[in-house]
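Heads up, the thing below is written out as structure tokens.
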Amino acid sequence: MSTLTFRSVSLRYPPRAARAGVGEKLVLDGIDLQVASHELVAIIGRSGSGKTSLLNLAAGFLEPTAGTITVDGVPIEGPSADRAVVFQDDALYPWLDARDNIALPFKLKGVPLAERRARAEQLLARVGLADAGDRRIWELSGGMRQRVGIARALAAEPRFLLLDEPLGALDALTRTRMQEFLLRIKAESGAGALLITHSIEEALLLGTRIVVLSPNPGRLTAEIEAGFNAEVLNGASVAAVKASPIFKRMHAGLTGLIHASAEEEIAA
Amino acid sequence: MTLSTDIDTLPQVAETGEAERPLKARPLPVAIISAITIGVIIAAWGLASAYALVSPVFLPSPRQVVLALYNLVVTGFVDATLAEHVGASLYRIFGALIASILIGIPAGIAIGTSRLGRGILDPIVEFLRPLPPLAYLPLIIIWVGIGEASKITVIVLSMLPSIILSTSAGVRGVSKDHVNAARSLGASRRQVLREVVLPSAVPSILTGVRIALGAGWTTLVAAELVAATSGIGFMIQSAAQFLVTDIVIAGIIVIALIAILLEYVARQIERRLVPWAAHR
Ligand SMILES: Nc1ncnc2c1ncn2[C@@H]1O[C@H](COP(=O)(O)OP(=O)(O)O)[C@@H](O)[C@H]1O
Ligand SMILES: [Mg+2]
Chain A
1 MSTLTFRSVS
11 LRYPPRAARA
21 GVGEKLVLDG
31 IDLQVASHEL
41 VAIIGRSGSG
51 KTSLLNLAAG
61 FLEPTAGTIT
71 VDGVPIEGPS
81 ADRAVVFQDD
91 ALYPWLDARD
101 NIALPFKLKG
111 VPLAERRARA
121 EQLLARVGLA
131 DAGDRRIWEL
141 SGGMRQRVGI
151 ARALAAEPRF
161 LLLDEPLGAL
171 DALTRTRMQE
181 FLLRIKAESG
191 AGALLITHSI
201 EEALLLGTRI
211 VVLSPNPGRL
221 TAEIEAGFNA
231 EVLNGASVAA
241 VKASPIFKRM
251 HAGLTGLIHA
261 SAEEEIAA
Chain B
269 MTLSTDIDTL
279 PQVAETGEAE
289 RPLKARPLPV
299 AIISAITIGV
309 IIAAWGLASA
319 YALVSPVFLP
329 SPRQVVLALY
339 NLVVTGFVDA
349 TLAEHVGASL
359 YRIFGALIAS
369 ILIGIPAGIA
379 IGTSRLGRGI
389 LDPIVEFLRP
399 LPPLAYLPLI
409 IIWVGIGEAS
419 KITVIVLSML
429 PSIILSTSAG
439 VRGVSKDHVN
449 AARSLGASRR
459 QVLREVVLPS
469 AVPSILTGVR
479 IALGAGWTTL
489 VAAELVAATS
499 GIGFMIQSAA
509 QFLVTDIVIA
519 GIIVIALIAI
529 LLEYVARQIE
539 RRLVPWAAHR
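Chains as they are written, first to last, in my numbering: chain A, 1 to 268; chain B, 269 to 548.
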């Protein structure tokens, strides 16, 4: 059981500007956020609101201008396999086949070739790609690529999965299937997850908690809990859940919250 | 020689544009037009020499050149067969290629990854790059002597800039997501370099090597004209001194064919080694 904590985190671009004032921009302001192992926290916000910046901070790709980010109380120092990232544009390595992409985290740890390939095969099977190990990245469909990307992140055995709109580039049908897949994988892995999305529906369906990030500067303006996640894991069909009156009501509510934050911005 | 194939795609674009217009006759494929051009040149050459428009000392007939080529292969010229001359030249170019890869790739990595490396090496490369290799050949001969070492040194120097620059460009062009992904999967700085930065620079490095081969071949032949006792450049230089024009022309054709062959082989290697370069 681990917790990833943002405490009063702010981010200014460019970080620690050489020439203060020139092109400076406060992107995130006073972010307080916690993600525990059992949670899947969905961050929702319009494009440009700072979602990717927030995830990059969690990953350790960026350093906050102010505030601290800790894992179980220990401040993070740059990126680590503790917090594996799944990218929107998959970021798979085209010079490796699917299997070796997944095996990379094992390789980085010094696991011998035969063993890491065997373990990658297991992960391939787990993400439903048992026969795709030899395939080149460009031979895979968008959905398959994201499965490989997720398997690769799992191979790092992270305590947290950081997912930056992993399903954003997929067509609607594939996306629905992948949403359910993502839930199961997350639950099996036991890792906490931070999911970025700009789809209200996706946030509601997948998140145990949904936080709204409103832009200029990015602030967390609303937070709601949702239980649809558990319903799907207990066997309810995604279509049925999305069609239920309570889902629709919460969808409308969340839409209202996001619009309210937009209007606030205009008024300010 | 290195650029021609890239630029070739431009006229082809124009060609397709034409094809879409409602023409009665289908336009000739570019390859046919090229073949006709070559045929016309050879025919003009044959006529010029058949009617002795130019003295055969200056312009031997195509038949004579083919014969000279045959004699070169079978008996040779100035103590060596064509194969031996070509062998000597290829030995130099591949020796130089290996040396310039061994020096150029680490240098390119240093420029691409470290400020110190860039600060130290950039001025050297930028000084060397625009210099015609024959400009420093005399100095190299003074320093290293007239033997194999001076020729290989000159070729290495002519090959280095494109290998170094393409390596540093490849290293710098690595995708940020690719690097970040590795870091978030637990890679150390050294592992990021080995597992991500280098592999992703390979296509660029191979392109640099191919361009270097073209540059090296040009330099090699020129260096052999000036200072050598074997090699294809030396062969045509000797033949020219005795006004054996058919061998000079045969030699030039061989030089061109080898250049085309090197380019072709390099491209095939690129295609085999980095099939993913086309899919990025
Ligand atoms: N490297 C950067 N330098 C300066 N500004 C940036 C940089 N990256 C992002 N931004 C700005 O920060 C804001 C938030 O960007 P981002 O985190 O990518 O938002 P989102 O992922 O929600 O679309 C945007 O206005 C963007 O222009
Ligand atoms: Mg984004």
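Using N, Cα and C, we set each Cβ at its ideal position, and we do this for glycine too.
Around the beta carbon of B:P324, a 10 Å sphere encloses fewer than 16 other beta carbons of the protein chains shown; the residue is thus reported as exposed.
A:I31 counts as buried, since at least 16 other C-beta atoms from the protein chains shown sit within 10 angstroms of its C-beta.
Two segments are said to touch when three or more pairs of C-beta atoms, one from each, lie closer than 8 Å; by this definition the region 179 to 198 of chain A touches the region 37 to 51 of chain A.
Against chain B, the CB of A:A81 has a partner CB under 8 Å away; the residue lies at that interface. In the structure shown, the three-state DSSP call for A:D97 is strand. Per DSSP, A:K242 is one residue of the alpha helix (DSSP H) stretching across 238 to 243. With 16 or more neighbouring CB atoms inside 10 Å of its own CB, B:A495 falls in the buried class. Contact annotation: in the region 418 to 450 of chain B, residues whose CB is within less than 8 Å of a CB in chain A are S443, D445, H446, N448, A449, A450.
Residue contact check for B:H353 against chain A: no CB pair falls below 8 Å.
The alpha-carbon separation between A:G67 and A:L54 amounts to approximately 13 Å.
Excluding the 5 residues flanking it on each side, A:I185 has same chain C-beta neighbours closer than 8 Å at R126, V127, I150, L154, in chain order. For A:R136, the neighbours in chain B by C-beta distance under 9 Å run, in chain order, P543, W544, H547. One thing to note: A:L123 has its Cβ no nearer than 8 Å to the Cβ of A:I137. For the pair A:K25 and A:P215, the Cα-to-Cα distance works out to about 12 Å.
Between B:R462 and B:S443, the alpha-carbon positions lie close to 14 Å from each other. Remark: the shortest separation between the CB of B:P467 and any heavy atom of ligand 1 does not fall under 7 Å. For B:R383, DSSP records no beta bridge to any residue.
A check of alpha carbon separations from B:W485 across B:H446, B:V464, B:Q509, B:L525 identifies B:L525 as the nearest.
For B:E463, the closest Cβ of chain A is nearer than 8 Å. Look at B:T421 here: in three-state DSSP terms it is helix.
Under the 8 Å Cβ criterion, the region 70 to 78 of chain A does not count as touching the region 90 to 98 of chain A, having fewer than three qualifying pairs. Pairing A:V35 with B:P467, the inter-Cα distance amounts to about 35 Å.
The DSSP assignment places 444 to 452, 457 to 460, 466 to 494, 500 to 509 as complete runs of the alpha helix (DSSP H) inside the region 429 to 513 of chain B, in order along the chain (cut-off: 4 residues).
For the region 339 to 364 of chain B, the set of residues with a beta-carbon nearer than 7 Å to any beta-carbon of chain A is empty. CA-CA distance, B:P391 to B:V424, rounds to 18 Å. Taking a C-beta distance under 8 Å as the contact criterion, A:A187 and A:G207 do not qualify as a contact pair. The alpha helix (DSSP H) runs of length 4 or more contained entirely in the region 45 to 103 of chain A are, from start to end of the chain, 51 to 59.
In the structure shown, A:A222 adopts extended strand secondary structure according to DSSP, grouped into three states.
For the pair B:L511 and B:S329, the Cα-to-Cα distance works out to about 15 Å. From the listed residues B:V465, B:F502, B:L407, the smallest Cα separation to B:I523 is found for B:F502. For a cut-off of 8 Å, the C-beta gap from A:K242 to A:L205 is around 7 Å, short enough to register as a contact.
Beta-bridge pairing by DSSP links A:T3 to A:A36.
Rounded to whole angstroms, the separation of the alpha carbons of A:V85 and A:A59 is 7 Å. Note: A:K25 is bridge-paired with A:Y13 in the DSSP secondary-structure output. Contact annotation: the region 427 to 447 of chain B touches the region 473 to 487 of chain B, with at least three C-beta pairs closer than 8 Å. Closest by C-alpha distance to A:L163, out of A:N234, A:I76, A:F87, is A:F87.
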